[in-house]
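Using this note's numbering, read the sequence shown as starting at 36 and increasing by one per residue.
Every residue gets a Cβ at the ideal spot worked out from N, C-alpha and C, and that includes glycine.
None of these values were measured; they are calculated from a predicted model.
Following: one structure in structure tokens, then a few remarks.
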Amino acid sequence: MRWQVMESTFIGYATFYFVRNNLPVVSREMGLALNYSKEQVGNILAATAIAYGVGKLIMGAWSDRSNPRYFMPLGLVITALCNFAFGAVSSYPVHVALWALNGLAQSMGWAPCGRSLGHWYSVSERGTKFAFWNVAQNLGGGLTGILVAYTTGLLGWRSAFYVPGILAIICAIYLLIRLRDTPQSLGLPPIEEWRNDYPAGVRKEKEQELGTADLLTNYILRNGYLWLFAFANFFVYIARYSMLDWGPTYLKEVKHATLGQGGVSTAALEFSAIFSTILMGWLSDKLGGRRGMISVLCMVPVLLSYLGIIYGPANRLWISLGLFGMIGFFVYPTVLLLVVSALDFTSKKAVGTAAGFLGLFGYLGRMVEGEGIGLLAQRYGWSVALHAIVVATILAIVLLAFTWKLTPHEAGRSQRRRHPLVPVTAGRQAEPAK
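Here's what the structure looks like:
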């Protein structure tokens, strides 16, 4: 059953990316067809980012009290309908509204997955298991670049929204059949009881259900560690999404890339992260949960890659594509480890809410990136826009440096000081259940 939950959430979350990352791949073609400026395209991206960020917090709290078997497919159906409508209209205000609604529906993707995995897997295996699961976004995002570039070249830019929408509907039906709720909903004991695997120093009390106000107040807003992770996530997301949102357009305008090569840049960012995410997640477990240390070490090559894009040879497209791959290779492990760190430092009953809180700050960063990079590139050129990304990456490294020594053991002590009877997800764990 654990594998079934892993499989269904993996496929479901990968599919969300087909109906999320399709717009950046064809933004230039759509802009030319509809006479949209970079600033206008940036407004569309910013609208979905802020809607996604706010929605991730709201839906995260909602998902903690919902059945993912129905919650996640509902999100896919709504986002599919938004894509169908987006491809069918040519009105700029309607496009902004539809993509904002799409962002809200997209926020129904991560939260139920995080909740499910938090109930079926324990902290000693969390870095590895979440790393494997996190490959879903890279697989989905990378395939999106290839699929959308192909269908657009064959059928026009509107097909970039129709085809992914159809795939999302099919996946929603699949999730209704395969996805399951918590172990308790199936008549099984909690994962800690089943494995006799309680966090060190925490009493084996019966699990308590927590109200939304209690979750937000005691486990999120009063949790100083989560605030640190959230502010770091703001800048990490700028580094992550800048080339996903604007990379294809940048390459077409500056490096004279084709539509297909623009799609390859998205695939390079996503596919390069598959091995590194699994490796860094596993390594963070082996190093006793030193996720902050690994995150800092990963962000330094991201910084160097952006500097390479700025100062590298102007007429060498393959070098830029290689640097895109380098960014993906190192930024995605950081994105993963920040989320896992947040989950280490809260109760498993608040997994969706904690992820939503972190996601809110991340997508506020993406909103700033979507609006800001488009505006800077439009008014001052790509060099200024890229230097702004460099500054954001440096700030991410500075904030992550404060997490260098943090481990789940410290998380366990923090949770026990505040809530000694509520089961938490941190601390020493037994070997994974078979």
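Segment contact: the region 97 to 105 against the region 422 to 433, fewer than three CB-CB distances shorter than 8 angstroms; contact not assigned. Only exposed fits His-291, as fewer than 16 other CB atoms lie within 10 angstroms of its CB. The Cβ atoms of Gly-77 and Ile-408 lie closer than 8 angstroms to each other.
In chain order, Leu-356, Phe-359, Gly-360 place their CB closer than 6 angstroms to the CB of Ala-303, counting only its own chain and leaving out the 5 sequence neighbours on each side. Counting C-beta atoms within 10 angstroms of its own C-beta, Lys-440 has fewer than 16 neighbours from the protein chains shown and is therefore classed as exposed.
Take Val-403, set aside five residues on each side of it, and the residues of its chain with a beta-carbon closer than 7 angstroms to its own are Ile-273, in chain order. Comparing C-alpha distances from Val-112 to each of Asn-70, Arg-275, Cys-206 shows the shortest one belongs to Cys-206. In the structure shown, Tyr-367 adopts helical secondary structure according to DSSP, grouped into three states. For Gly-259, the closest of Pro-108, Leu-393, Phe-45 by C-alpha to C-alpha distance is Leu-393. Judged by DSSP in its simplified three-state form, Lys-440 adopts coil rather than helix or strand. Assigned with DSSP and collapsed to three states, Ala-390 falls in helix.
Between Glu-406 and the set Ala-81, Leu-67, Val-40, Leu-286, the nearest pair of CA atoms involves Ala-81. The three-state secondary structure of Ser-142, taken from DSSP, is helix. Taking every protein chain shown into account, the CB of Trp-134 has 16 or more other CB atoms within 10 angstroms, so this residue is buried.
Taking the Cα of Ala-412 as reference, the smallest distance to any Cα among Val-289, Gly-400, Phe-365, Ala-377 is reached at Val-289. Under the three-state reduction of DSSP output, Thr-301 falls in the helix class. Using a Cβ distance threshold of 8 angstroms, Asn-56 and Phe-196 do not count as a contacting pair.
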